[in-house]
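Protein chains in written order, with the working numbering: chain A, 1 to 253; chain B, 1001 to 1368.
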């Protein structure tokens, strides 16, 4: 670990072009190790697209995305795989493998390492299931048999399977009841303390944001218009932040 | 990169240091496991105080090394102790009992049951279609014209090039091979009889059916299947739109209507291919061929061919919709049902073709 001062994700002058429409233009963002960054922005402002850029699923039209200090786009395929193993992604819809039961979904990335024995994998999977408050018995269910909230939790367990250093979460608490959202936030906080996890999460849930995020990035007008510690940004007067703050929830920050 | 996990035995204490995480462990897992194995470390005090990070994978590894009980003497930071506690609270995973493999009799039984189940569902789908047709006769404004037209275009108009190409090539091939034989007997003129009867009555319908089953049948199964996976079918029902009238019926009607036309088209092109080949091989002019075709092939053959097309089209769409509706919401089921749909449709078509051959054995054979 080269200290808590290194940038885990660094985007410089990033532009994303989908079709002939700019989703991001000249966007800059620097996420340091150990930060929990809440990414907020209006619907369709390109939050998920930004996560896809970090994963290397999209190529920047201009600028660069550095992951763990290296440019993913130009890295050697072997190095790319090694980098991707250090992060976990929770997709908005879960993106569970529909043909595999829950257990195999979570075991999949572990088996891909090809060096853990079955007993070890089984314990780890059950541990991850317990982390997201599911029981070992749920491992036999198929993704189609799960409720929306359970899909989220299984997807989180899978994202955590490889003990990632960087966790990307797309709407992690959407579809969870408030109680679960809270325990989800507590779990992430604990993991963050123990493992120095870095988290970038897209969220609309003010409660989770307040509970979990150390920093907030506001995505609007195709770039990051505000980035800073939670309290500073939420106290700011950007119209989007104001709308978010007043968004029906009475939580006082 | 991070300091790798290290294990040292110092003056009777096991001292761990560095990063004990999955990412750091994987490159040197063999050495670490070798060090931990063998009970050499059993009973020694453990010192984990200089471990910088400890994740659950490493915690599980240590917990297994300790034979699932806390070592007598353990120095560990509060934070890492929690990771170990989490690994410890997991009950030793019960080994999953392998499901007993079933014998051939049981498997055969399941196969028969699955067959009966499919048959039942097919009959229900047929009945539903009759009910829907009855409903549409009473409420003509609900007839889904747009969907029917779209399906006619997709399954019919778009299939014209490929059926023409395959038909033409088959016509050329049969004509060429027959010509070689017929010339030996000096029976050149019978090329007209052979081509006429075989293509119009038999090859045209079956060829088109196989092509359409692969082309449109699979597409129909996949489309309905994905609609089930993405809950679009449920969304339709929630809007009070009958899924059978809006999704299934247009496919059945369109393919049933369009197949005889495709058969006519493909047969005509195949005959053209045959004529070209006959001209080149045997020197039979087009005019002679066409003139003799009327004499050699009674019109009953055309009726049989088109009738087959009608029935085959219905079977393909019926089977395709049936398997589409059986898709379970996962990718594996989608691919399996699409495969089954095409295979079943082609098999049924050939089966029904044999029935046709027997039932129409006295029809349309020219008396010489």
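Beta carbons: idealized from backbone N, C-alpha and C, even for Gly.
Quick caveat, the model's predicted, so the values are computed rather than measured.
Range covered by the beta strand (DSSP E) that runs through residue i
{"i": "residue 1010 of chain B", "result": "1006-1010"}
{"i": "residue 1355 of chain B", "result": "Where residue 1355 of chain B is concerned, there is no enclosing beta strand (DSSP E), although the alpha helix (DSSP H) it sits in stretches over 1331-1359."}
{"i": "residue 31 of chain A", "result": "21-32"}
{"i": "residue 66 of chain A", "result": "62-67"}
{"i": "residue 170 of chain A", "result": "166-170"}
{"i": "residue 1019 of chain B", "result": "1013-1020"}
{"i": "residue 1311 of chain B", "result": "No beta strand (DSSP E) holds residue 1311 of chain B; the alpha helix (DSSP H) holding it covers 1299-1325."}
{"i": "residue 13 of chain A", "result": "7-18"}
{"i": "residue 219 of chain A", "result": "215-220"}
Helix, strand or coil at residue i [DSSP, three-state]
{"i": "residue 1 of chain A", "result": "Annotation note: pLDDT 40 at residue 1 of chain A (below 50); position unreliable, coordinate value reported separately. If DSSP states are grouped into helix, strand and coil, residue 1 of chain A belongs with coil."}
{"i": "residue 207 of chain A", "result": "helix"}
{"i": "residue 1063 of chain B", "result": "helix"}
{"i": "residue 225 of chain A", "result": "strand"}
{"i": "residue 105 of chain A", "result": "helix"}
{"i": "residue 1132 of chain B", "result": "helix"}
{"i": "residue 116 of chain A", "result": "coil"}
{"i": "residue 38 of chain A", "result": "strand"}
{"i": "residue 1070 of chain B", "result": "coil"}
{"i": "residue 83 of chain A", "result": "helix"}
{"i": "residue 200 of chain A", "result": "strand"}
{"i": "residue 1142 of chain B", "result": "helix"}
{"i": "residue 1047 of chain B", "result": "strand"}
{"i": "residue 163 of chain A", "result": "coil"}
{"i": "residue 1234 of chain B", "result": "helix"}
{"i": "residue 1362 of chain B", "result": "coil"}
{"i": "residue 1209 of chain B", "result": "helix"}
Alpha-carbon to alpha-carbon, residue j and residue i
{"i": "residue 1135 of chain B", "j": "residue 1250 of chain B", "result": "14 Å"}
{"i": "residue 264 of chain A", "j": "residue 53 of chain A", "result": "The structure shown does not extend to residue 264 of chain A, since chain A is modelled only from 1 through 253, so no value can be given for it."}
{"i": "residue 1253 of chain B", "j": "residue 1276 of chain B", "result": "35 Å"}
{"i": "residue 1319 of chain B", "j": "residue 1349 of chain B", "result": "11 Å"}
{"i": "residue 176 of chain A", "j": "residue 1351 of chain B", "result": "53 Å"}
{"i": "residue 1019 of chain B", "j": "residue 55 of chain A", "result": "25 Å"}
{"i": "residue 1059 of chain B", "j": "residue 1231 of chain B", "result": "42 Å"}
{"i": "residue 1 of chain A", "j": "residue 1029 of chain B", "result": "Caution applies to residue 1 of chain A, whose pLDDT of 40 falls short of 50 and renders its modelled position unreliable; the model cannot decide the point."}
{"i": "residue 1207 of chain B", "j": "residue 91 of chain A", "result": "46 Å"}
{"i": "residue 1209 of chain B", "j": "residue 19 of chain A", "result": "40 Å"}
{"i": "residue 215 of chain A", "j": "residue 207 of chain A", "result": "14 Å"}
{"i": "residue 1304 of chain B", "j": "residue 1291 of chain B", "result": "21 Å"}
{"i": "residue 1224 of chain B", "j": "residue 1163 of chain B", "result": "24 Å"}
{"i": "residue 4 of chain A", "j": "residue 195 of chain A", "result": "Bear in mind that a pLDDT of 44 at residue 4 of chain A, under 50, signals an unreliable position, so the model cannot answer this."}
{"i": "residue 252 of chain A", "j": "residue 35 of chain A", "result": "Note that residue 252 of chain A scores a pLDDT of 42, beneath 50, so its modelled location is shaky; the value from the coordinates is reported in the next line. In a straight line, the C-alpha of residue 252 of chain A is about 22 Å away from that of residue 35 of chain A."}
{"i": "residue 1311 of chain B", "j": "residue 1259 of chain B", "result": "9 Å"}
Start-to-end residues for the alpha helix (DSSP H) that takes in residue i
{"i": "residue 1175 of chain B", "result": "1160-1185"}
{"i": "residue 1219 of chain B", "result": "1218-1229"}
{"i": "residue 1031 of chain B", "result": "1029-1036"}
{"i": "residue 233 of chain A", "result": "230-235"}
{"i": "residue 1085 of chain B", "result": "1078-1089"}
{"i": "residue 149 of chain A", "result": "148-160"}
{"i": "residue 1275 of chain B", "result": "1249-1282"}
{"i": "residue 191 of chain A", "result": "178-195"}
Residue burial classification, residue i (beta-carbon count within 10 angstroms, cutoff 16)
{"i": "residue 1140 of chain B", "result": "exposed"}
{"i": "residue 258 of chain A", "result": "Here chain A comprises residues numbered 1 to 253, so residue 258 of chain A is not present and cannot be evaluated."}
{"i": "residue 1281 of chain B", "result": "buried"}
{"i": "residue 1321 of chain B", "result": "buried"}
{"i": "residue 1132 of chain B", "result": "buried"}
{"i": "residue 1284 of chain B", "result": "buried"}
{"i": "residue 114 of chain A", "result": "exposed"}
{"i": "residue 76 of chain A", "result": "exposed"}
{"i": "residue 1366 of chain B", "result": "exposed"}
{"i": "residue 140 of chain A", "result": "exposed"}
{"i": "residue 263 of chain A", "result": "Residue 263 of chain A cannot be examined here, being either before or after the span of chain A that is shown, 1 to 253."}
{"i": "residue 1182 of chain B", "result": "buried"}
{"i": "residue 229 of chain A", "result": "exposed"}
Discussion item. Any C-beta of chain B within less than 7 Å: which residues of the stretch 87-117 of chain A qualify?
Written reply: Within the stretch 87-117 of chain A, 98, 99, 113 and 115 place their CB atoms closer than 7 Å to a CB of chain B, listed in sequence order.
Worksheet entry | Residues of the stretch 153-167 of chain A with Cβ closer than 8 Å to any Cβ of chain B, in chain order | Listed by position along the chain: 162, 163 and 165.
Worksheet item: Which residues, in chain order, does the stretch 1118-1143 of chain B contribute to contact with chain A at a C-beta distance below 7 Å?
Response: Under the 7 Å Cβ criterion, the stretch 1118-1143 of chain B contributes no residue.
Worksheet item: According to a CB-to-CB cut-off of less than 9 Å, which residues of the stretch 1078-1092 of chain B neighbour chain A?
Response: Only those residues of the stretch 1078-1092 of chain B whose C-beta falls short of 9 Å from the nearest C-beta of chain A are listed: 1079, 1080, 1082, 1083, 1086, 1087, 1089, 1090, 1091 and 1092.
Worksheet entry | Under 9 Å (Cβ pairs) to chain A, residues found in the stretch 1306-1330 of chain B | Under the 9 Å Cβ criterion, the stretch 1306-1330 of chain B contributes 1328, 1329 and 1330.
Worksheet item: Using a beta-carbon distance cut-off of less than 8 Å, what residues from the stretch 1195-1221 of chain B approach chain A?
Response: Taking 8 Å as the Cβ-Cβ cut-off against chain A, none of the residues of the stretch 1195-1221 of chain B qualify.
Worksheet item: Any residues in the stretch 134-146 of chain A with a beta carbon nearer than 8 Å to a beta carbon of chain B? Which ones, in chain order?
Response: Here the close residues are 136, 142, 143 and 144.
Worksheet entry | Selection of the stretch 1045-1063 of chain B by Cβ proximity to chain A, strictly under 9 Å | Going along the stretch 1045-1063 of chain B in chain order, one finds 1052, 1053, 1054, 1055, 1056, 1057, 1058, 1059, 1060, 1061 and 1063 with a Cβ nearer than 9 Å to chain A.
Worksheet entry | the stretch 1331-1360 of chain B: positions lying closer than 7 Å to chain A by Cβ | Listed in sequence order: 1331 and 1332.
Worksheet entry | Interfacial residues, the stretch 1017-1029 of chain B to chain A, with Cβ spacing under 8 Å | For the stretch 1017-1029 of chain B, which is checked against every Cβ of chain A, the residues closer than 8 Å are 1019, 1021, 1022, 1023, 1026 and 1029.
Worksheet item: Given a limit of 8 Å on CB to CB distance, which residues of the stretch 50-82 of chain A reach chain B?
Response: Listed by position, the residues of the stretch 50-82 of chain A near chain B (Cβ gap below 8 Å) amount to none.
Practice prompt. Using a Cβ-Cβ cut-off of less than 8 Å, give me the residues of the stretch 186-198 of chain A that come near chain B, in sequence order.
Written response: Listed by position, the residues of the stretch 186-198 of chain A near chain B (Cβ gap below 8 Å) are 190, 193, 194, 195 and 196.
Worksheet item: For the stretch 200-223 of chain A, which residues have a beta carbon sitting closer than 9 Å to at least one beta carbon of chain B?
Response: Listed by position along the chain: nothing, the set is empty.
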